[in-house]
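Notes follow once the structure below has been shown.
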Amino acid sequence: MTSILFVCLGNICRSPLAEGVFRTVLSERGIADIEMDSAGTGGWHAGELPDPRSIAIGAKHSVNITDQRARKVMAEDFARFDLILGMDRSNVRDLLALAPKNTGGRVQLYLDYTTGRQKDVPDPYYGGGDGFADVYRMIRDASEKLADKLTTGRISAASGQASSTM
Ligand code: 4NP
């Protein structure tokens, strides 16, 4: 496992936080060589900074996401990324509809893959600030568990066992 794409609808609220928090968790653990990005299934906000409420909740927890700019998912992403994590089930459905032949297996529901819970990270765009705090908490927990999975995969690969669980 070397590359992960985080995907939501607009790529301004949830997936930029998922990318930024995961970068922070990996850096806290001294893991450096993972490629990651985030994207949206919709392109309305392409080129924009993350939503100010996502920037604020990130900053509150020392996660800087201001170097990110929104972009739309591209066909090339399905070849470039080993794992494509949709924040909610509608993102997963949209991703599967976009996925070129034989690449749909890379698409997973973010919380299911990371925590084993068949749950969505709810879209906070039209809600208040609490929605962003809830999203942050879910993403922080999921990021720790994703890093655990990565570490476990590495250890078994390093010890010559069969391929990782990712
Ligand atoms: P996100 O939130 O998918 O978490 O980035 C949204 C951002 C923008 C819109 C919808 C959801 N929008 O409709 O513009």
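Taking the working numbering, the leading residue of the sequence shown gets 279, the next gets one more, and so forth. Beta carbons are placed, not taken as given, at the ideal position from N, Cα and C, and that holds for glycine.
Hey, quick one: how far does the alpha helix (DSSP H) through Met-416 stretch, first residue to last? Indexing the sequence shown from 1 puts residue 416 at position 138. Met-416: member of the alpha helix (DSSP H) spanning 407-436, first to last residue.
Lys-350, DSSP secondary structure in three states: Taking the sequence shown and counting its residues from 1, the one referred to as residue 350 is at position 72. The answer is strand: DSSP assigns Lys-350 an E or B state.
Given the structure, does Leu-424 come close to the ligand 4NP, in the sense that its CB is under 8 Å from one of the ligand's heavy atoms? In the sequence shown, the residue the question calls residue 424 occupies position 146. No; taking the cut-off as 8 Å, the Cβ of Leu-424 has no heavy atom of the ligand 4NP nearer than that.
Leu-373 beta carbon less than 9 Å from that of Val-399: Reading the sequence shown from its first residue, position 121 is the one you call residue 399. Reading the sequence shown from its first residue, position 95 is the one you call residue 373. Contact: no.
Just how far apart, CA to CA, sit Leu-304 and Trp-322? Along the sequence shown, read from residue 1 onward, the residue named residue 304 stands at position 26. Along the sequence shown, read from residue 1 onward, the residue named residue 322 stands at position 44. Going from the Cα of Leu-304 to the Cα of Trp-322 covers about 30 Å.
Find the nearest neighbour of Leu-428 within the set Ala-310, Pro-294, Arg-349, Val-285, judged by alpha-carbon distance. By one-based count along the sequence shown, residue 428 stands at place 150. Restricting attention to Ala-310, Pro-294, Arg-349, Val-285, the CA atom closest to the CA of Leu-428 is found in Ala-310.
Which same chain residues, not among the five before or five after Phe-356, have their C-beta less than 6 Å away from its C-beta? Residue numbering aside, residue 356 sits at position 78 when the sequence shown is read from its first letter. Excluding sequence neighbours, Phe-356 sits near Ala-377, Pro-378, Thr-381.
Taking Gly-364 as part of the alpha helix (DSSP H), name the residues at either end of that continuous run. Here residue 364 corresponds to residue number 86 of the sequence shown, with the count starting at 1. DSSP places Gly-364 outside any alpha helix (DSSP H); the residue lies instead in the beta strand (DSSP E), whose first and last residues are 361-364.
Taking the straight line between their C-alpha atoms, what separation do you get for Gly-431 and Glu-297? Translated into positions along the sequence shown, residue 431 becomes position 153. Translated into positions along the sequence shown, residue 297 becomes position 19. Rounded to the nearest angstrom, the two C-alpha atoms are 20 Å apart.
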